[in-house]
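Take the sequence shown: its letter number 127 is residue 1075 in my numbering, and every next letter is one higher. Worksheet: the structure to be examined is printed underneath.
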Amino acid sequence: MFEDLKIISWPDPRLLKLSSPVETFNDDLGTLAMRMIELMRAAKGVGLAAPQVGQNIRLFVIGPTGNPEDERVYVNPVISDLAGDQEGEEGCLSLPGITAKIVRADSVKIDAHDLSGRPIQDVQTQYLARIWQHEFDHLNGKLLMDRMGTLSKLGNRKKLRDLEAEYKEAHEKKKVPALRF
Ligand code: ZN
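Written out as structure tokens, the structure is:
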């Protein structure tokens, strides 16, 4: 299961959907999370949300240091207690080639479940808080463009157009030549 899982790129509509809560904590969920961790590692990302692999469920994985010991899975996360501001450069595995300065809360609390359904709670600042907020946005169909300033939008306009064109080319129905009699 999930052998064919791959990271999808904007403007795939699955990236823009509100994802549904996970209701069943079964082996498939564990398999999906492990597969997502592998994809995140291979892409050298620090986080990956289920919608980015075409699964519209509320789950994300993080690997903030590249060290497997620091990898975590969050199921049905809720972010609260946002405090302070931080600004930093962000990219997204579903927006190849695009980076932008994004303002996030400096400190946030997360309440979630692990793969067995046990509750997790944690408070973090800075880098980890930023990763949580980025991945959490994916579960609500929000991408960097929804958080970018006008200058970043203008600066990334061409790359976004290129991504749109690539998606169109990959997904357009192959035109069947008209039969002529
Ligand atoms: Zn992302």
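Yeah, the Cβ is synthetic: ideal placement off N, Cα and C, and Gly gets one too.
Residue nearest to residue i in terms of C-alpha spacing, selected from the options
| i | options | result |
| --- | --- | --- |
| Gly993 | Pro1016, Thr979, Val1026, Met1096 | Pro1016 |
| Ser1042 | Phe950, Asp952, Ile956 | Ile956 |
| Trp1080 | Gly1014, Ala1031, Tyr1022 | Tyr1022 |
| Gly1002 | Glu1117, Gly1089, Ile1027 | Gly1089 |
| Asn1004 | Arg989, Ser1100, Ala991, Leu980 | Leu980 |
Straight-line gap, residue i to residue j (C-alpha atoms, nearest Å)
| i | j | result |
| --- | --- | --- |
| His1061 | Ala1126 | 54 angstroms |
| Asp1029 | Gln1074 | 14 angstroms |
| Ile1050 | Met982 | 29 angstroms |
| Leu1111 | Gln1000 | 15 angstroms |
| Asp1094 | Val1071 | 25 angstroms |
| Phe1008 | Phe1129 | 55 angstroms |
| Leu1076 | Glu971 | 26 angstroms |
| Ile1068 | Gly1097 | 33 angstroms |
| Asn974 | Cys1040 | 28 angstroms |
| Asn1104 | Trp958 | 13 angstroms |
| Leu963 | Leu1099 | 23 angstroms |
| Asp976 | Tyr1115 | 29 angstroms |
Beta-carbon proximity check, residue i vs residue j, cutoff 8 angstroms
| i | j | result |
| --- | --- | --- |
| Ile1058 | Pro1025 | yes |
| Ile1046 | Lys1107 | yes |
| Arg1006 | Ser1064 | no |
| Leu953 | Leu996 | no |
| Glu1038 | His1082 | yes |
| Leu1092 | Ala1031 | no |
Host alpha helix (DSSP H) of residue i (start-end)
| i | result |
| --- | --- |
| Glu1114 | 1105-1119 |
| Asp1085 | 1074-1087 |
N- and C-terminal bounds of the beta strand (DSSP E) containing residue i
| i | result |
| --- | --- |
| Arg1052 | 1047-1052 |
| Gly978 | Careful: Gly978 lies outside any beta strand (DSSP E), inside the alpha helix (DSSP H) at 975-990. |
| Asp1094 | Careful: Asp1094 lies outside any beta strand (DSSP E) and carries neither H nor E. |
| Pro1025 | 1020-1031 |
Proximity test, Cβ basis, 8 angstroms: residue i and chain C
| i | result |
| --- | --- |
| Glu1038 | Considering every chain present, this structure includes no chain C. It has just one protein chain. |
Integer Cβ distance of residue i from residue j, believed to fall under 8 angstroms
| i | j | result |
| --- | --- | --- |
| Phe950 | Ile1027 | 26 angstroms between Cβ atoms; not a contact. |
| Asp1018 | Gln1034 | No, Asp1018 and Gln1034 are not in contact; Cβ-Cβ is about 20 angstroms, not under 8 angstroms. |
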